[in-house]
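Trainee: Please read through the structure below; I'll follow up with questions.
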Amino acid sequence: MYAVFPIDGRRLELVQGDITRQEVDAIVNAANPSLLGGGGVDGAIHRAGGPEILAECRQLGGCPPGEARITTGGRLKARYVIHAVGPVYYDGKSGEPETLANAYRRSLELASEHRLHTVAFPSISTGAYGYPVEQAAPIALHTVIDYMRTHPEIELVRFVLYDTPTFEVYRRALGVQAET
Ligand code: AR6
Numbered sequence: 002m003y004a005v006f007p008i009d010g011r012r013l014e015l016v017q018g019d020i021t022r023q024e025v026d027a028i029v030n031a032a033n034p035s036l037l038g039g040g041g042v043d044g045a046i047h048r049a050g051g052p053e054i055l056a057e058c059r060q061l062g063g064c065p066p067g068e069a070r071i072t073t074g075g076r077l078k079a080r081y082v083i084h085a086v087g088p089v090y091y092d093g094k095s096g097e098p099e100t101l102a103n104a105y106r107r108s109l110e111l112a113s114e115h116r117l118h119t120v121a122f123p124s125i126s127t128g129a130y131g132y133p134v135e136q137a138a139p140i141a142l143h144t145v146i147d148y149m150r151t152h153p154e155i156e157l158v159r160f161v162l163y164d165t166p167t168f169e170v171y172r173r174a175l176g177v178q179a180e181t
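In our numbering, the protein residues as written are 2 to 181.
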């Protein structure tokens, strides 16, 4: 499944799929503050990318929520992995929206600093970290759209959503039709 939202001649895409298979300059990992791996998309990225990514992560000394760090992509098709740490959801009134927006924005700032043009994101914090996807999707989308409008170097942002319900929530939040 696929949907596209044009932004000033560039593209915000939604696809259902596996982020580890994306051929983009950087894929974003939904990491934890240790940066030493975990389950979910984090586990999948380290499995697919190999031990080189973890070896680089060990040198970074962790990453606070709302921040991001960059490593190479190891064996992945993507040249880089941007490790972003989202918030653990508590009640939605404890700074989670700001921390989630910061995780997306800082990831894109790192992409710009490294002269990368195409970036794929998972749905940060909506798995093990428990952020309701209906609340997280508009924050993720608004943050990325705002950034793309002011940073023309970012040519493509692709949200790679693992399951159909998550894809549908993002598609509705973006207000676009799915294509096949
Ligand atoms: N491709 C794309 N999306 C995926 C993939 C994949 N291969 N695998 C899972 N997802 P989560 P979080 C989706 O739990 O909530 C880790 O242990 C998944 O269905 O990976 O930010 C870290 O180390 C969900 O929609 O990340 C942290 O400790 C989304 O990715 C913690 O989990 C995010 O789910 C971070 O939790």
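Beta carbons are placed, not taken as given, at the ideal position from N, Cα and C, and that holds for glycine.
In this text the structure is predicted, and so the values were computed from the model without any measurement.
1) Can you list, in chain order, the residues of its chain with a C-beta nearer than 6 Å to that of residue 117? Leave out the 5 residues immediately preceding and following it.
2) For residue 4, is the beta carbon positioned less than 7 Å from some heavy atom of the ligand AR6?
3) So does residue 103 have its beta carbon nearer than 7 Å to some heavy atom of the ligand AR6?
4) Please classify residue 109: does DSSP put it in a helix, a strand, or coil?
5) Do residue 77 and residue 58 count as a contact pair if the criterion is CB distance below 8 Å?
6) Under 8 Å, with one C-beta from each stretch per pair, do the stretch 85-95 and the stretch 45-52 reach the 3-pair mark?
7) Nearer than 7 Å: is that true of the beta carbon of residue 83 relative to any heavy atom of the ligand AR6?
8) Below 7 Å, is the gap between the Cβ of residue 9 and the nearest heavy atom of the ligand AR6?
Mentor: In terms of the structure at hand:
1) Residue numbering aside, residue 117 sits at position 116 when the sequence shown is read from its first letter. Excluding positions up to five away in sequence, the list reads 26, 27.
2) Counting from one through the sequence shown, the residue named residue 4 turns up at place 3. False, no ligand heavy atom lies under 7 Å from that Cβ.
3) The residue given as residue 103 occupies position 102 in the sequence shown. Result no, Cβ not under 7 Å from the ligand AR6.
4) Here residue 109 corresponds to residue number 108 of the sequence shown, with the count starting at 1. DSSP places residue 109 in helix when its eight states are reduced to three.
5) For this step, residue 58 is matched to residue 57 along the sequence shown. For this step, residue 77 is matched to residue 76 along the sequence shown. Result no, Cβ atoms of residue 58 and residue 77 do not sit closer than 8 Å.
6) no
7) As a first step, residue 83 must be located in the sequence shown, where it is residue number 82. Checking the Cβ of residue 83 against the ligand AR6 gives no.
8) Residue 9 sits at position 8 when you count from the first residue of the sequence shown. No - the ligand AR6 has no heavy atom lying nearer than 7 Å to the Cβ of residue 9.
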